[in-house]
Amino acid sequence: MYRILIVDDERDERNVIRFLLNKYNFQLEIDEASNGKEALSQLETQPVDILFTDVKMPFVDGIELATRARELYPNLHIIFFSGHDDFYYAKKAISLRAVEYILKPVKPVEFKNTISTVLQNIKREEKEHELREANSEFLKTHVLYRLINKTPIDLLKNEYPNMNFDFLNHYSSVMLMQFEEPFFDRLPKEEDTFFFYKQIKKMIPNYPCEFINLNPFQILLLFGKTDRNTLHKEIAVKIQKRVYLEYGINCYISVSNEYFSPSELSEIYDELEQNLEDRFFYSDTYIYPIDTSTKESIEYLEQDEHILQKIKSAIQLVDIVTFKQNMKLLFQKYQAKQGLSHIYVRYFFSNLLQSLCQELPHYNKELINKKMESIFSCRHFSGIEKILAHVQDEVIKKLEKKEQSPKHVIHLVQQYITEHYGEDLSLNLLAEKVYLSPSYLSEIFIKETGCGINKYIKNLRMENAKDLLNNTNMKITDICKQLGYHNLSYFVRSFREHFGSSPEKYRQMKKQ
Numbered sequence: 001m002y003r004i005l006i007v008d009d010e011r012d013e014r015n016v017i018r019f020l021l022n023k024y025n026f027q028l029e030i031d032e033a034s035n036g037k038e039a040l041s042q043l044e045t046q047p048v049d050i051l052f053t054d055v056k057m058p059f060v061d062g063i064e065l066a067t068r069a070r071e072l073y074p075n076l077h078i079i080f081f082s083g084h085d086d087f088y089y090a091k092k093a094i095s096l097r098a099v100e101y102i103l104k105p106v107k108p109v110e111f112k113n114t115i116s117t118v119l120q121n122i123k124r125e126e127k128e129h130e131l132r133e134a135n136s137e138f139l140k141t142h143v144l145y146r147l148i149n150k151t152p153i154d155l156l157k158n159e160y161p162n163m164n165f166d167f168l169n170h171y172s173s174v175m176l177m178q179f180e181e182p183f184f185d186r187l188p189k190e191e192d193t194f195f196f197y198k199q200i201k202k203m204i205p206n207y208p209c210e211f212i213n214l215n216p217f218q219i220l221l222l223f224g225k226t227d228r229n230t231l232h233k234e235i236a237v238k239i240q241k242r243v244y245l246e247y248g249i250n251c252y253i254s255v256s257n258e259y260f261s262p263s264e265l266s267e268i269y270d271e272l273e274q275n276l277e278d279r280f281f282y283s284d285t286y287i288y289p290i291d292t293s294t295k296e297s298i299e300y301l302e303q304d305e306h307i308l309q310k311i312k313s314a315i316q317l318v319d320i321v322t323f324k325q326n327m328k329l330l331f332q333k334y335q336a337k338q339g340l341s342h343i344y345v346r347y348f349f350s351n352l353l354q355s356l357c358q359e360l361p362h363y364n365k366e367l368i369n370k371k372m373e374s375i376f377s378c379r380h381f382s383g384i385e386k387i388l389a390h391v392q393d394e395v396i397k398k399l400e401k402k403e404q405s406p407k408h409v410i411h412l413v414q415q416y417i418t419e420h421y422g423e424d425l426s427l428n429l430l431a432e433k434v435y436l437s438p439s440y441l442s443e444i445f446i447k448e449t450g451c452g453i454n455k456y457i458k459n460l461r462m463e464n465a466k467d468l469l470n471n472t473n474m475k476i477t478d479i480c481k482q483l484g485y486h487n488l489s490y491f492v493r494s495f496r497e498h499f500g501s502s503p504e505k506y507r508q509m510k511k512q
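Mind the numbering: the sequence shown is residues 1 to 512 in UniProt numbering, read in order.
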C-alpha cells in the first residue's frame, strides 16, 4: 500500500483531504503534519510516496519542504495546494517537478483525477524500475556466465561500455551445486526457480549470495566478501541436507577457496568441476573437495597393468590366493583414489572384466558387451566394484573346480620341476608338494603326459644343458652342478644317451 503525507497548518483543510481520499476509496496509508518542520521530521524516519502540501505555512513553508523532501527522495511525487494563485509559486512548483498545483478550495473531481494520475504514474514507474532491475540482473548473469566460459573481461567491457562492472568485485568465493538429474523438473508446480533461491537465502541470512542457473544439472552460488570464509563448507552441508529433505534428491556441492579477481572465475569453475569428478569414487560423500587429511594413505609399488598381468597369470596357474590378493589390491586402490579420470577407471576395469569373462564359457560376446556397458554407465566406483565382484566369485568357483582336477595337479608338478630342476628332485618330494601319494602321482603323471616323472625331469635338464652349451662359455663341470647333477660322469653319460655325443663334442660341433 502506498503512503501519502498531508501537510497543512489548518486542521480543517487536512480533514477535507482525508475525507476525499476515503470518499474515492484510494487505498493509501495517510500521515499528517501541521507544518513543514513537523513534516520534515516525519520524512526523515518514514518515507512516503506522495507529498500533498500547502504552500504557505509557519516555520518551514511548502516550497522549502518540497525542496528538502526531493533531496531525501528523488522519486517523490509532490502535489501543491494553495489559496494563492501566484505565478512565483507555480514557477517554483515546476522547478521542483511537482505533479500538480491545486488551488483552494479543492475541487473534488480535480482532486480525484490528480490522485488517480499520481497513483498510475507510481505503478508505471515501479514496473519500469522492476524491468530495469530485471534487465540489469539478466545482464549481470549473462556477464558472469560468459566469464565462467572463459570470455576475457576486457572483451566484455568493450561489448557493454555503459555497464558498471564493479559488481564483479563483490564476490569472493563460489559453490557449484551438481544434480544427478534435472533438478528444477522436480520442483512442485506451486514453486519456481526464484522460490527455491529465496528458500536457500533464508537458510543463510548472514551470507549474501547470488545464483546462476547454468544448466538443468548445475547451479552456481556466488558469495560476497565476508569475514566468515571458513564456514562455507558448513553452509554447503546445510544446503545439501535441505535439498534432500525438501525434494528427495541428492546434490553434490563443490566449494571454492577465496579468490581475488573476476578474471579467476573461469579457472575456479574448472577446479570446482574437477573436484566433483571425485564423487565417482565417493558415492556417499556430497561436499567437495575432500579433506586429504581424512583420507587413508595407501602406497602401491605396482602399476595397474602389472597387477592385471598378475591376475591373468594367477588364473592360468589356478592360484586362487594370488588372484584374490590382486583383485583386493585394485579395489582398495580405487576406493581411495582422488583426482583420477573416471573415464580411465571405467576403461581399465572394463578390460579387467573382459579378461575375467573370457575364463567363463557361458559369457558370450553379447553378455560381455552388456557387462562392459554397465561399467560405463555406473555413476560411482562402488557400482563397478559390485559388477566385478560378482564375476570374480564366478571365476573363483571355476578355479576351485580346476584345483581339484588331475590336470591341474600335473600342471603344478611341472611348474615346480621347471622352477627347481637344478635341485634334488624325487617322486616323494613332488608328491608331498601336491598332497598325493607317490604311487598315485606317478600314475596320473604318466596318464596326462605320456612319460614318467624321472624321465620328464631328465628331458628338461638335458634341454637346458643344450641351451647352456650353445649360448654360454660355462665349464661343463659348472653346467653339471647347475642342472642338479652331483656326478660329472653320470651327467656326461646321460647327455650322450640323449644327444648321441658327449657335452664337449656337442659344443665343438656347434661351433664349426
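Glycine is no exception: its CB is placed at the ideal position from the N, C-alpha and C atoms.
Give every residue of the same chain whose Cβ lies closer than 6 angstroms to the Cβ of residue 141, excluding the five residues on either side of it in the sequence, and list them in chain order.
Taken in chain order, the residues that qualify are 212.
If the criterion is Cβ atoms closer than 9 angstroms, does the pair residue 195 and residue 187 meet it?
yes
With a 10 Å radius around its C-beta and 16 neighbouring C-beta atoms as the bar for buried, classify residue 219 as buried or exposed.
By the beta-carbon neighbour count (other beta carbons within 10 angstroms, threshold 16), residue 219 is buried.
Quick one: grab the DSSP three-state call for residue 378.
Judged by DSSP in its simplified three-state form, residue 378 adopts coil rather than helix or strand.
In the DSSP assignment, what residue or residues form a beta bridge with residue 77?
Paired residues: 50.
What do you get for residue 24, buried or exposed, if any count of 16 or more other CB atoms within 10 angstroms of its CB means buried?
exposed
Taking the DSSP output, what are the residues bridged to residue 3?
29
DSSP bridge partner residues for residue 254 (one or two, in chain order)
176 and 288
On a Cα-Cα basis, can you pick out the residue from 182, 62, 144 and 32 that is closest to residue 165?
When C-alpha distances from residue 165 are compared across 182, 62, 144 and 32, the shortest belongs to 144.
Cβ separation of residue 460 and residue 417, assumed to be a contact under 8 angstroms, to the nearest whole Å:
6 angstroms
Would residue 326 be called buried (16 or more neighbouring beta carbons within 10 Å of its own) or exposed?
Classification of residue 326: buried, given that the 10 Å Cβ count is 16 or more.
Pull up the distance between the alpha-carbon of residue 516 and that of residue 343, whole angstroms please.
The requested residue 516 is not part of the displayed model; the chain covers only 1 to 512.
For the beta strand (DSSP E) that residue 209 lies in, which residues bound it at each end?
Counting along the chain, the beta strand (DSSP E) containing residue 209 begins and ends at 209-215.
Residue 488 in three-state terms, based on DSSP
helix
Express the C-alpha separation of residue 412 and residue 319 in angstroms, rounding to a whole number.
For residue 319 and residue 412, the distance between alpha carbons rounds to 10 angstroms.
Can you give me the Cβ contacts of residue 47 inside the same chain, cut-off strictly under 7 angstroms, excluding the 5 residues immediately before and after it?
73
Find the nearest neighbour of residue 316 within the set 275, 330 and 358, judged by alpha-carbon distance.
358
Between which two residues does the beta strand (DSSP E) harbouring residue 197 extend?
Not the beta strand (DSSP E): residue 197 falls in the alpha helix (DSSP H), residues 193-203.
Alpha helix (DSSP H) runs wholly inside the UniProt domain "HTH araC/xylS-type" (411-509), at least 4 long, in chain order
427-433, 438-449, 453-471, 476-482 and 488-499
Pick helix, strand or coil for residue 223, following the three-state DSSP scheme.
strand
Given that a residue counts as buried once 16 or more other Cβ atoms are within 10 Å of its Cβ, and exposed if not, what is residue 245?
Counting Cβ neighbours within 10 Å, residue 245 comes out exposed, since fewer than 16 surround it.
Secondary structure of residue 358, DSSP reduced to three states
Correct three-state label for residue 358: coil.
How many whole angstroms separate the CB atoms of residue 387 and residue 374, which I take to be in contact at a CB cut-off of 8 angstroms?
6 angstroms
Buried or exposed (CB count within 10 angstroms, at least 16 for buried), residue 177
buried
For the 8 angstroms Cβ check, are there 3 or more pairs between the segment 243-261 and the segment 203-217?
no
Bridge partner(s) assigned by DSSP for residue 82:
103
Of all the options 261, 10, 136 and 305, which has the alpha carbon lying nearest to the alpha carbon of residue 33?
Cα-wise, what sits closest to residue 33 is 10.
So which of 264, 360, 116 and 478 has the shortest CA-CA distance to residue 174?
264
For residue 465, which of 476, 456 and 429 has the nearest alpha-carbon?
476
According to the neighbour-count rule (16 or more other Cβ atoms, all chains shown, within 10 Å of its Cβ), is residue 131 buried or exposed?
exposed
Would you identify the three-state DSSP class for residue 303, choosing helix, strand or coil?
coil
Residue 42 - partner residues in DSSP beta bridges:
For residue 42, DSSP assigns no beta-bridge partner whatsoever.
On a CA-only basis, which of 482, 511, 103 and 167 is nearest residue 55? Give me that one, please.
103
Name the residue from 163, 69, 511 and 60 whose alpha carbon lies nearest to the alpha carbon of residue 5.
69
Given this structure, state the Cα-to-Cα distance separating residue 505 from residue 490, to the nearest angstrom.
Residue 490 has its alpha-carbon roughly 16 angstroms from the corresponding atom of residue 505.
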